[in-house]
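In the numbering used here, the protein residues as written are 6 to 668.
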């Protein structure tokens, strides 16, 4: 007797679609207006004279975007270094990036007012999201040193008088299990509101350890967010937030370049037991005179606890271990208002870093350990003005004066100290050539503080200088008549001085040095279009060419080489159909070009394109979604990471089924 085959997730979804009654109305006839706060004031998206991508929470959920790293699939000009460890991400924006051991980033991450200033902890589970704003190009004028190449600004949904809630369960490839929930609503009508959200995700690995017979790279993460909002009057709004994320992972997605793919023979346990915590208090008050005072007090703490085998053999010849504690406390005050026809903003900012670092390396010649206390602080004053010049012309100008100080003391050694003071201006001129459409040109400076090679005692902890840049940008954005098509485009040139580059000439020897100069040239395009009859489409394209103009490192001449981790192209295109009967189907193609993994351009990760499919149906308050990511099972391993000693494996095809119930 022939046994019936079990239904696949997609077959289940199609069966539900066929049986579903009409459950929701047709999609809107025009695109909704979007308000952003990318430049720290509420404005319409098309009024911001910068290259800016905005994604609302529903769109992220539909695309399966559940963490910060996944944003690179839908954001032109943004990618991440292939590292392979959860909770640690180094962003690459417009060809610029920072190495992990500089303990800084070139693109700032801000989550509900909390800045993340290092690659360690550069993550967010994207729970209960209102919107994500990705601002490209130098934003040092408003955001400081870590916004040299851009800003990722994440806004969690504010609790209010509306009761909202949902819970979802997901299963998929390699025993994937996911639970997510969020709930928000009033505790006291018109006065006090609260929200809570959480998630748990577990999945088996795909790297076989032939020595232990186990999977090496299992993943488990637990996270949660809570918020309490108080509005004692129509003019005062205060929100207190707390978030935490716990990683309980196996090994990083690493293997030996000479070994069979997805295979290690490690006798040394590898694990990730990191934890991140953050809290913020945001207060806003509107005065009678039309002034608005905003305050953001933020605390960010990340414990980076990792052990990773790097010889991938039964004998313990090479491994690394980190026990780093990163802590930052910051305070920002802003006052804004109107003067005649101009809108102005002034602000003060101060923060303090308190990092305790313990780095252990097992080498064939023995065990080495570096214990370092790293301290630092920043103080800044900034201003931003928007001044109408004529009926269609507007000029924006701003500047920031910032002082950064770094102090570090290696265990058993003397303290070292450095400081820098920098002014970062920005000027933009915009012209409204049609209703809800504008063109702009801007000139802005970016800045990333220097530092010391804190884990290089053989080089006497050599210092490296601040990285500076000047960017020129021309762009256009807006809506076409009918509000069914929204577009944006930008072309830019950035000249970089004292570019900070990571070098690793030998296993275990990592240092940062300054390239003499570099240039980044590129363009970005985005399109969102409601085609009609239930069809919609989105597309984005980023082009970039970042090369060293002059770079001598000892006897090595890297002039003309491409900056590591900087793809020359990335983009996406997606299409979706929403049927009157309540079901939908969508397909997307995302891709990125080849990236080099070192300054010498010897090692690289090939370019790739991924096809992702999803289909779903809504029946009353329940939505059922089936999906397949990386349909063709494409491989895009980073072969030769860490100067040729490591391959960072790319994940294989994944399929799954998600059920969501909404209040």
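Heads up, the beta-carbon is just placed ideally off N, CA and C, and yes, glycines get one too.
Model, not experiment: these values are computed from the prediction.
query, result
"Is residue 509 buried or exposed, if buried means 16 or more other CB atoms sit within 10 Å of its CB?", "buried"
"Roughly how far, in whole angstroms, is the beta-carbon of residue 92 from the beta-carbon of residue 257, given that I think they are within contact range, below 8 Å?", "Their Cβ separation, rounded to whole angstroms, is 11 Å, which puts residue 92 and residue 257 out of contact at 8 Å."
"Is the beta carbon of residue 159 closer than 7 Å to that of residue 139?", "no"
"How would you label residue 131, buried or exposed, when you count the other beta carbons within 10 angstroms and need 16 or more for buried?", "buried"
"Using the Cβ count rule (16 or more neighbours within 10 Å means buried), how would you classify residue 399?", "buried"
"Using DSSP with H/G/I as helix, E/B as strand and the rest coil, what is residue 51?", "helix"
"Report all residues from its chain with a CB closer than 7 Å to the CB of residue 523; omit the five preceding and five following residues, and keep chain order.", "501, 504, 551, 552, 553, 554 and 568"
"Looking at the unbroken beta strand (DSSP E) that takes in residue 358, where does it start and where does it end?", "347–368"
"Shortest alpha-carbon distance to residue 491 belongs to which of 275, 472 and 532?", "532"
"Return yes when the Cβ of residue 597 is within less than 7 Å of the Cβ of residue 572, no when it is not.", "yes"
"Considering only their Cβ atoms, is the gap separating residue 244 from residue 234 smaller than 7 Å?", "yes"
"Which same chain residues end up closer than 6 Å to residue 635 when comparing Cβ atoms and leaving out the 5 residues on each side of it in sequence?", "615 and 658"
"Here's a check: name, in chain order, each residue in its chain whose Cβ is nearer than 8 Å to the Cβ of residue 260, leaving out the five neighbours to either side.", "212, 266, 267, 268, 269, 317, 651, 652 and 654"
"Under three-state DSSP, which class holds residue 331?", "strand"
"Would you decide whether residue 476 is buried or exposed? Buried here means 16 or more other CB atoms lie within 10 Å of its CB.", "buried"
"To the nearest angstrom, how far is it from the Cα of residue 124 to the Cα of residue 74?", "11 Å"
"Taking residue 145 as part of the alpha helix (DSSP H), name the residues at either end of that continuous run.", "145–148"
"Count the C-beta pairs between the segment 361–371 and the segment 319–326 that are closer than 8 Å, then say yes if the count reaches three, no if not.", "yes"
"Who are the Cβ neighbours of residue 80 in its own chain at under 6 Å, not counting the five residues just before and after it?", "58 and 139"
"Please identify the residue among 300, 381 and 388 whose C-alpha is closest to the C-alpha of residue 351.", "388"
"Determine the closest residue to residue 625 out of 609, 359, 587 and 152, with distance taken between C-alpha atoms.", "587"
"According to DSSP, simplified to helix, strand and coil, what is residue 267?", "coil"
"Look at the alpha carbon of residue 599 and the alpha carbon of residue 644, and state the distance between them as a whole number of angstroms.", "12 Å"
"Taking a contact to mean a Cβ-Cβ separation below 7 Å, would you say residue 332 touches residue 118 in this structure?", "no"
"Quick check on residue 30: buried or exposed, where buried means 16 or more other Cβ atoms within 10 Å of its Cβ?", "The pLDDT assigned to residue 30 is 42, lower than 50, so where the model puts this residue is not dependable, and the model offers no usable value."
"Is the segment 526–544 touching the segment 556–563 in the sense that three or more CB pairs, one from each, lie closer than 8 Å?", "no"
"Tell me whether residue 626 sits in a helix, a strand or coil according to DSSP, three-state version.", "coil"
"I'd like to confirm the pairing. Which residues does DSSP put opposite residue 382 in its beta bridges?", "357 and 410"
"Could you give the distance in angstroms between the alpha-carbon of residue 549 and the alpha-carbon of residue 493?", "17 Å"
"Using the C-alpha atoms, what's the distance from residue 54 back to residue 435?", "7 Å"
"Output yes or no for whether 7 Å exceeds the beta carbon distance between residue 526 and residue 498.", "yes"
"If we ignore side chains and look at the alpha-carbon of each, how far apart do residue 50 and residue 483 end up?", "8 Å"
"Does DSSP put residue 173 in a helix, in a strand, or in coil?", "strand"
"Go ahead and label residue 460 buried or exposed: buried means 16 or more other beta carbons lie within 10 angstroms of its beta carbon, across all protein chains shown.", "buried"
"What residue does the beta strand (DSSP E) around residue 245 start on, and which one ends it?", "241–252"
"On the CB-based measure, 16 or more other CB atoms within 10 Å of its CB, does residue 96 come out buried or exposed?", "buried"
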